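Participant: By the count of the numbering used here, the sequence shown reaches residue 1307 at its end, each step adding exactly one.
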Amino acid sequence: MKMIARVLRGRQLMHGLSSTAVCTRNRRGQEAFSRYFSEILAVTRLERPNEVTMMAQRFFTSTSDDLDDMKARDEMPRNARLPDTEKVPDVWPNVPLLAVRGHPLFPRFKKIVEVSNPIVVELLRRKVTLNEPYVGVFLRKFTGQEEVVRSLDEVYQLGSFALIQEVMDLGDKLRLLLLAHRRIRITGQVVEDRQHPKEPVEAAAAIEAEASTSASASAAPAAAPVLIVEVENVKVQIYKQTLEVKALTQEIVKTLRDIITLNPLYKDSLHRMLHHNQRVVDNPIYLCDLAATLSAGYPEELQDILEEANIPKRLELSLTLIKKELELWKLQVLIGREVEEKVREHHRRHILQEQLKAIKRELGIEKDNKATIAEQYLGKLKGKIVPQSIKQVIDNELAKLKFLESHCSEFNVTRNYLDWLTSLPWGVKNPENLCLDKAKEILNQDHYGMEDVKKRILEFIAVSSLKGTTQGKILCFHGPPGVGKTSIARSIARALNREYFRFSVGGLMDVAEIKGYRRTYVAALPGKPIQCLKKTKTENPLVLIDEVDKIGKGHLGDPSSAMLELFDPEQNANFLDHYLDVPVDLSRVLFICTANVVDSIPEALRDRMELIEMSGYVAEEKVAIARQYLVPKSMNDSGLTDEHISISENALNMLIRSYCRESGVRNLQKQIEKVVRKVAFLFVKKAGTHFAVDAENLTTFLGKQIFTSDRMYETTPPGVVIGLAWTAMGGSSLYIETSPRSKRNGRRVRGGGMLYITGSLGDVMKESAQIALTVARNFIGKRDLNNQYLNSQNIHLHVPEGAVPKDGPSAGITILTALISLATNRSVRKDVAMTGEISLNGNVLPVGGIKEKAIAARRSGINCIILPADNQSDFAELPKFITEGLEVYFAATYEDVYNIAFSEPTQNVDVTAKVVQVPLEKVSGEFNVKPSRPTS
């Protein structure tokens, strides 16, 4: 039996050695043959000069081998010869799986593939060594970097059977030249056994052991990566050479010819792909694959052509792809021609311009570019009085400019620097208006009131007229919004015949906006003061710096500190900008700043400015401003005239009293514009030709009234007193309310004498309330020893409008009066309001904002106000139209306040010398406006 088995194994092995059919039909004999010779065959390795080991193997078919090649192979040493493949087999059931991306490999075409995965590289090396240079090339469904296929679902099931024509071993990767032969389809996965026997006899024995389990082993699922797959050939569908096939074939050939015409590179590719002496038209299958290979379609479209079995339909798919390719090339050619035409035209213009410049230089019409630039800069300085130090800097920069190339970055930096230096108005000043009458006429023409501002400007003109020269000043107009701080600055510039420049510093957090950027930065610029001089072209402009109280501070520096040099009269004569880096004289510039609250301005900066307060307007002033300025401007903007609309005096009074109670006139202007717009709408709608606006029909234009009552109480109850306060929006009146805390079950709460405060009061106002409570207890104790109300009761003090924060010391006497009124159960005069700070000994201390508080009292219909005695001089400076109709008392101690607040309104109170009643005088205006008291 042993002899019989040995004979059988020997016959099977010899049959594998003698017949080429072992590579196609007897798989077990092939494996035994390969495993035996894999250990005795050596691989030829060629050493390159760069010490990179490479291996090149070439397999020839029987049709391409010649006698010289066979002779050379016969003469090769045994250890260097490689087994040859005489013919590509028609059937090869198991092949290594090689997944490619982007473009599938079509039959009869070549493709270079690089493999770097160690598992795949080892498998391909072994297959090539075993004279099995065949792979299955399949397209990946998903793009990825990994070369190993983990599942058959990752690749398309139909691909190409390819011969490895050449292998270049690069050490860690292989470079393969693949030639596809036919279409194949995956039928399953094959698990490869990697155990190599050492003897041929043992290999033959393994063949018999594996024969019984071949079917189950080849079909078993593998958890390892898919390396070898079982495939079957795809049968070619028999087709007829119909007219449709001929037409599609000729159209494909025609389209390929058009593409070759547009892109000659396709011609070389096509010659390399076509075999010699082969007519493409006679083979539609090859023509489809050729068109798909030449096109740059999507992988899914190319895979559809590879899988399509119907030849006419495959021709249609290929024709669609190359038609898209043709249209793409047509578009590329069109774009290329347009770009080429633009480049050619630009190049032509550049050459002509250079030739023109050369001709002009030869004829002496034009000089060199750098010389022309230097002459332009020197021409800018004609008529200017340039300081010697500045002239020296300009000469140095011009000398440096001559040695710089025009394309150098430093050339542009130097040129921009010279632009700024030569554009500044060195020694250029505008002649100023020193006529007081003309300046006063201009100021009165543009603005109503503002006597303090106008007086200060006229003083400035008078001083300049006496000295014969003008010097700059730093003025600061502060007051509530809408009172005309910004607009009066433009009128001042017109009255002084100065150029006007404005910039806002609200929210500014970069020092470079004032001092400029250094020239080392890209797109550097000087600061706003230097930009002002260049724009106005004079050394004595009027510069308005708006919102100086809202200047910011960030990581880029503190701009308010940078403005100290700008506002200091002793320093701004040599103001040093970071960009110019030369001293500039700003002493003749008139700086005007605007602010709402001066407290937020830094002390050092505020010390350098002359503060001029601009308070709010009373109703009479608003009526005059509306009649003179706002109504005519709104009518002009809307295209209306006096024939179309008329606004009565009563309508303006009601408008101010019921809709616009703020200090400024900005909201008043908006409401007047709203009325005029509605009248314009009615006129265009042909609802009438003339519309009269009066108090009766004002609500039809503006809607319901915003302020319907002037006071919260018609008659002030005990514990309630009206106070006067100052805010950034102007003066306002507010109520101080006091009331005892509620009792529990009719009994008093333990711990009496406590004071509870509400109404969003600040720390200063809370301290004033505690001081007022102490003074009230002492004051009542001196008058009535039996009154222990403030000692036994818990008092609740509240200031209405709790959402509005309130703070300040001026409510001291108001809180004290409210506590005494509650303790004595007596009401104060209903027409009295007061302001003043109280000390612990009962002295009335002075406060600020007297003008705003007096205006607020008139606006609220209050006839009697109590002010501190030290504020008598402040009240005396107020205009007559503000003090008209007011009964004003000045108190030095709280005893004076008590005597006035709890007296009868009709009774003439005989007060001490410190309590003065100001006589009343009427004001006469151009429009004879009568003051109107709001209805309660």
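We put the beta carbon where it would ideally sit given N, CA and C, even for glycine.
Remember, predicted model here, so these are calculated numbers, not experimental data.
What's the C-alpha gap between residue 762 and residue 891?
Facilitator: One C-alpha to the other measures close to 22 Å.
Participant: Which word fits residue 609, buried or exposed, when buried means at least 16 other C-beta atoms lie within 10 angstroms of its C-beta?
Facilitator: Counting Cβ neighbours within 10 Å, residue 609 comes out exposed, since fewer than 16 surround it.
Participant: Can you give me the start and stop residues for the alpha helix (DSSP H) that residue 1254 sits inside?
Facilitator: Where residue 1254 is concerned, the enclosing alpha helix (DSSP H) stretches over 1251-1254.
Participant: Which partner residues does residue 511 have in the DSSP bridge list?
Facilitator: Answer by DSSP bridge pairing, in chain order: 526.
Participant: Please classify residue 1181: does DSSP put it in a helix, a strand, or coil?
Facilitator: Three-state result, residue 1181: coil.
Participant: Whose C-beta lies closer than 8 Å to the C-beta of residue 1079 among residues of the same chain, with five residues either side of it excluded?
Facilitator: Excluding sequence neighbours, residue 1079 sits near 1029.
Participant: Could you pull the start and end residues of the alpha helix (DSSP H) that residue 787 belongs to?
Facilitator: Start and end: 780-794.
Participant: Excluding sequence positions up to five away, which residues of its chain have a Cβ less than 7 Å from the Cβ of residue 520?
Facilitator: Contacts found: 468, 470, 526, 596 and 597.
Participant: Helix, strand or coil, according to DSSP, for residue 1037 in the structure here?
Facilitator: Residue state, collapsed to three classes: helix.
Participant: Are the Cβ atoms of residue 1184 and residue 1207 separated by less than 7 Å?
Facilitator: Yes; because the gap between Cβ atoms is below 7 Å, this pair is in contact.
Participant: With DSSP run on the structure shown, which of helix, strand or coil describes residue 687?
Facilitator: Helix.
Participant: Any idea if residue 749 is buried or exposed, counting beta-carbon neighbours within 10 angstroms, 16 or more meaning buried?
Facilitator: Counting Cβ neighbours within 10 Å, residue 749 comes out exposed, since fewer than 16 surround it.
Participant: Mind checking residue 1205: buried by the 16 CB within 10 Å criterion, or exposed?
Facilitator: Buried, by the Cβ-count rule.
Participant: Thinking residue 949 and residue 889 are a contact (beta carbons under 8 Å), I'd like their distance in whole angstroms, please.
Facilitator: Right, their Cβ atoms sit about 5 Å apart.
Participant: In angstroms, rounded to a whole number, what distance separates the CA positions of residue 1156 and residue 1148?
Facilitator: So the alpha carbons of these two residues sit roughly 10 Å apart.
Participant: From residue 350 to residue 510, what distance separates their C-alpha atoms?
Facilitator: An answer regarding residue 350 cannot be provided, because it is not within the stretch 372 to 1307 covered by the chain.
Participant: With a CB to CB cut of under 8 Å and the five nearest residues on each side skipped, what residues in its chain are close to residue 616?
Facilitator: These residues qualify, in order along the chain: 610, 655, 682, 683 and 686.
Participant: My output table needs one value for residue 854: the three-state DSSP class, helix, strand or coil.
Facilitator: It is coil, neither helix nor strand.
Participant: Can you look up residue 775 in the DSSP assignment and give me helix, strand or coil?
Facilitator: Here residue 775 sits in coil by DSSP.
Participant: Taking C-alpha atoms, which residue in 898, 973, 939 and 938 lies nearest to residue 924?
Facilitator: Of the candidates 898, 973, 939 and 938, the one whose C-alpha sits nearest the C-alpha of residue 924 is 973.
Participant: When the distance is taken between beta carbons, is residue 968 closer than 7 Å to residue 920?
Facilitator: Yes, these two residues count as a Cβ contact at 7 Å.
Participant: Please go through the same chain and pick out, in chain order, the residues whose beta-carbon is closer than 7 Å to the beta-carbon of residue 982, but skip the five residues on each side of it.
Facilitator: Excluding residues within five positions, the ones whose Cβ falls inside 7 Å are 847, 849 and 969.
Participant: In terms of alpha-carbon separation, which member of 1259, 483 and 866 lies closest to residue 817?
Facilitator: With distances taken between Cα atoms, residue 817 lies closest to 866.
Participant: Have a look at the DSSP bridge pairing and note the partners of residue 1135.
Facilitator: Beta-bridge pairing links residue 1135 to no other residue.
Participant: Within 10 angstroms of its Cβ, does residue 660 collect 16 or more other Cβ (buried), or is it exposed?
Facilitator: Per the 10 Å Cβ criterion, buried.
Participant: Give me the Cα-Cα distance between residue 657 and residue 550, rounded to the nearest whole angstrom.
Facilitator: Approximately 14 Å, taken between the alpha carbons.
Participant: State the Cα-Cα distance for the pair residue 1223 and residue 857, rounded to the nearest angstrom.
Facilitator: Going by the C-alpha atoms only, they are around 20 Å apart.
Participant: Give the single residue among 507, 1241 and 458 whose Cα lies nearest to the Cα of residue 1214.
Facilitator: Minimum Cα distance to residue 1214 is reached at 1241.
Participant: Taking a contact to mean a Cβ-Cβ separation below 7 Å, would you say residue 336 touches residue 909 in this structure?
Facilitator: Residue 336 falls outside the range modelled here, since the chain spans only 372 to 1307, and no answer is possible.
Participant: State the DSSP-derived secondary structure class of residue 481, mapped to helix, strand or coil.
Facilitator: In this structure, residue 481 counts as strand in the three-state DSSP scheme.
Participant: Mind listing, in chain order, the continuous alpha helix (DSSP H) runs of no fewer than 4 residues lying wholly within the region 965-1031?
Facilitator: Complete alpha helix (DSSP H) runs here, min 4: 974-978, 990-996, 1002-1009 and 1020-1029.
Participant: Where does the unbroken alpha helix (DSSP H) through residue 659 begin, and where does it stop?
Facilitator: 655-665 is the span of the alpha helix (DSSP H), which, as asked, contains residue 659.
Participant: With 16 as the cutoff for other CB atoms within 10 Å, does residue 1059 come out buried or exposed?
Facilitator: Result: exposed.
Participant: Can you look up residue 1108 in the DSSP assignment and give me helix, strand or coil?
Facilitator: Strand at residue 1108.
Participant: For residue 943, count neighbouring Cβ atoms within 10 angstroms of its own Cβ and tell me buried if that reaches 16, exposed if not.
Facilitator: Label assigned to residue 943: buried.
Participant: Taking DSSP as the reference, what is the three-state secondary structure of residue 1206?
Facilitator: Coil at residue 1206, not helix or strand.
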